[in-house]
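Below: the structure, in structure tokens.
2 protein chains.
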Amino acid sequence: MRRRLVLNGGEDIHRCLVCEIRDQSVCNAIDDNELAILAKASKQLSLPPATTLIEEGSAAQAFYNVTAGTVKLFKSLPDGRRQITGFADVGHFLGLTNAGTYSFGAETVNTVQVCRFMRPQLEILLNDYPLFERRLLAEVTDELAEAQEQMLLLGRKTARERVASFLLARMVHRPCQVKGEENIVSLPMTRVDIADYLGLTIETVSRTISSLRREKIIAGTDHHGIRVLSPTRLQGLASGQEHS
Amino acid sequence: MRRRLVLNGGEDIHRCLVCEIRDQSVCNAIDDNELAILAKASKQLSLPPATTLIEEGSAAQAFYNVTAGTVKLFKSLPDGRRQITGFADVGHFLGLTNAGTYSFGAETVNTVQVCRFMRPQLEILLNDYPLFERRLLAEVTDELAEAQEQMLLLGRKTARERVASFLLARMVHRPCQVKGEENIVSLPMTRVDIADYLGLTIETVSRTISSLRREKIIAGTDHHGIRVLSPTRLQGLASGQEHS
DNA sequence: CGCGCGTTTGACGAAGTTCAACCCTGGTGG
DNA sequence: CCACCAGGGTTGAACTTCGTCAAACGCGCG
């Protein structure tokens with residue numbers, strides 16, 4: 001069953017070997033001395049902002065691993081209403097599906113680098129490397145837990161709670177490494193994207209952020225960066241402990 | 001690596017062998033002549049309505065496969081607001097998680113039969129039967145797609161569209177087999193559960209159903225059964241094509 | 001019979017959307 | 001070099017949908 005792929009050059013294996021985010025992603029399930037196979041199975045792409053990676057309803061042909069930047073995943077209604085179901089950033093994969101077609105769309109938010117695996121290659125990896133499959137199962141299970149948390153947000157939280165949850169999640173999940181700048185939240189996406197992610201309108205998002213700013217819970221650096229002044233109060237807001 | 005479990009009786013293997021819903025579930029990944037191992041790894045439980053299967057935040061010790069009835073999965077906020085993230089019925093599993101604790105709760109809706117796998121046993125099955133793991137990956141991937149669809153509903157659909165989507169999903173996904181009763185939707189759960197699933201209040205759910213009834217799109221049999229008179233119009237409503 | 005639970009219906013109010021105007025910033029071209 | 005323009009963001013006022021509160025209904029069960 002195991003099929004060996006022949007290595008045709010030195011640069012391919014080099015790519016995966018020096019990949020800085022390998023141990024953040026599913027690729028860390030492949031052994032160091034087998035990286036040639038991984039490198040051969042995938043192709044690295046660099047994509048400008050607002051590039052469509054996946055067209056909703058199109059044939060499922062590829063699987064992507066994000067190595068730089070942020071990709072938004074979404075579903076739409078015929079009349080154009082859109083719900084962003086998640087942001088895939090460094091270390092996350094996208095494009096897994098059982099059906100023959102994608103049930104969702106994907107578009108780059110900023111400049112993005114991905115490794116693309118065509119479906120047959122992915123199948124081979126799954127078959128040959130049990131650890132890879134296990135790691136993928138773990139990853140999908142995590143995604144599902146996140147999706148459930150988001151359903152709670154969309155179904156039961158107020159606008160304030162949604163925005164607070166969003167900022168908090170981005171703060172803890174993607175901390176700014178710069179010393180003394182720990183509580184800076186980076187928001188590469190536009191207000192439209194945030195609104196479509198939180199199930200609100202851009203006006204409500206804008207008003208809510210302004211309101212949090214007036215209350216000194218956050219402070220704006222610019223439109224794509226926010227400093228959290230009181231993580232505690234933000235946490236309280238996010239879990240709905242404002243009035244109780 | 002493969003560990004053989006010893007069979008200690010005839011009835012255990014019999015249970016899985018005669019299991020009528022096996023090929024609807026992850027268990028169909030296990031070969032007929034290996035069913036003894038499956039039977040040994042699991043225990044069948046019968047549970048009355050409103051039984052807590054999983055306590056939110058408790059230690060993750062077991063994995064369940066539903067063989068009869070319906071289980072609701074949910075997440076809650078400290079003040080009691082609740083979001084039902086899905087209903088697991090015949091053939092579906094529940095209880096998979098990466099973390100050591102469950103991030104969600106689970107409770108039976110009606111009388112339920114489950115097969116319970118303790119975590120160590122599940123690990124063994126995953127390690128020894130690649131097909132089982134593959135099947136589970138497929139199942140979780142499907143769950144994720146469903147979750148995304150539900151996010152679209154919760155974030156972007158109106159009350160009418162939500163109720164229509166819900167009824168339609170239950171109709172196509174769980175057709176009534178009785179001849180001449182094809183368009184009967186069974187609703188084992190209460191209005192509270194429906195509301196908590198759709199991100200609405202019981203009053204709004206009730207009003208919306210009444211409204212659909214007045215418009216002759218559906219007809220009520222009793223409170224836990226509804227006949228769909230016009231699947232086409234329901235479909236139109238569900239996808240938001242009312243005004244366009 | 002009467003109690004309790006789940007459901008339905010109505011009147012009212014609040015949260016968030018819609019519509020519209022305005023502002024700010026960065027890029028382009030005269 | 002600066003004016004203009006376009007796209008994203010903010011703010012305000014009116015409106016709509018859905019939630020809240022309250023009352024009544026119906027059904028099953030002790």
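So the protein sequences, as listed, match chains C and E.
Residue numbers for the first sequence follow the UniProt record's numbering, so the first one is 1 and each next one is one higher.
Residue numbers for the second sequence follow the UniProt record's numbering, so the first one is 1 and each next one is one higher.
Don't be surprised by glycine CBs; every beta carbon is placed ideally from N, CA and C.
Put simply, the CB of Lys75 of chain E is near chain C, with a gap under 8 Å to one of its CB atoms.
Spatial neighbours of Arg15 of chain C in its own chain (CB-CB distance under 7 Å, excluding positions within 5 residues in sequence) are listed in chain order as Ala39, Gln44. Contact between the region 65-75 of chain C and the region 107-115 of chain C is present: three or more C-beta pairs spanning the two stretches fall below 8 Å.
Lys75 of chain E has E:Gln83 as its beta-bridge partners, per DSSP. In this structure the region 136-153 of chain C lies against the region 86-98 of chain C, because at least three pairs of beta carbons, one per stretch, are closer than 8 Å. The beta carbon of Phe63 of chain E does not come within 8 Å of any beta carbon belonging to chain C, so the residue lies off that interface. A direct Cα-Cα distance of roughly 17 Å separates Leu17 of chain C from Leu125 of chain C.
For Thr67 of chain E, the closest of E:Glu55, E:Asp23, E:Asp32, E:Ala106 by C-alpha to C-alpha distance is E:Asp23.
When DSSP states are grouped into helix, strand and coil, Gln113 of chain E belongs to the strand group.
Contact residues of the region 138-162 of chain C toward chain E are Ala138, Val140, Thr141, Asp142, Glu143, Leu144, Ala145, Ala147, Gln148, Glu149, Gln150, Met151, Leu152, Leu154, Gly155, Arg156, Lys157 (C-beta to C-beta distance below 8 Å). The Cβ atoms of Leu212 of chain E and Val163 of chain E lie closer than 8 Å to each other. Interface residue (Cβ-Cβ distance to chain C less than 8 Å): Phe87 of chain E is not classified as such. Going by DSSP, Val163 of chain E is part of the alpha helix (DSSP H) stretching over 159-173. Within chain E, no residue has its beta carbon less than 8 Å from that of Thr70 of chain C; the closest one is some 18 Å off. Chain C has no Cβ within less than 8 Å of the Cβ of Glu107 of chain E.
Distance between Leu229 of chain E and Leu237 of chain E, taken at the CA atoms: about 14 Å.
Relative to Leu53 of chain E, the option among E:Glu203, E:Arg119, E:Pro120, E:Val109 whose CA is nearest is E:Val109.
When beta bridges are read from the DSSP output, Met118 of chain C appears opposite C:Ala62.
Glu133 of chain C sits in a helix when the DSSP states are folded into three classes.
CA-to-CA, the gap between Thr232 of chain C and Pro175 of chain C works out to about 16 Å. Contact annotation, Leu187 of chain E with Leu234 of chain E: C-beta distance approximately 15 Å; criterion of less than 8 Å not satisfied. Contact annotation: Phe87 of chain E and Glu56 of chain E have beta-carbon atoms that are not nearer than 8 Å.
The C-beta distance from Ser239 of chain E to Leu77 of chain C rounds to 6 Å, short enough to meet the 8 Å contact threshold. Annotation: the continuous beta strand (DSSP E) that includes Arg227 of chain C extends over 225-228. Within a 10 Å sphere around the beta-carbon of Val192 of chain C sit fewer than 16 other beta-carbons, which makes this residue exposed. Here DSSP, grouped into helix, strand and coil, assigns Gly155 of chain C to helix. Residues of the same chain with a CB within less than 8 Å of the CB of His224 of chain C, apart from the 5 flanking positions on each side, are Ser186, Leu187, Pro188 in chain order. Taking 8 Å as the cut-off, the Cβ atoms of Glu107 of chain C and Thr190 of chain C do not count as close. With respect to the 8 Å criterion, Gly100 of chain E and Ala62 of chain E are not classified as neighbours on the basis of their beta carbons. For the options C:Ser46, C:Lys157, C:Lys216, C:Ile217, the alpha carbon positioned closest to that of Leu200 of chain E is the one of C:Lys157.
Asp31 of chain C has its alpha-carbon roughly 51 Å from the corresponding atom of Ala159 of chain E.
Selection E:Leu198, E:His92, E:Phe132 evaluated against Ala29 of chain E yields E:Phe132 as nearest (Cα-Cα).
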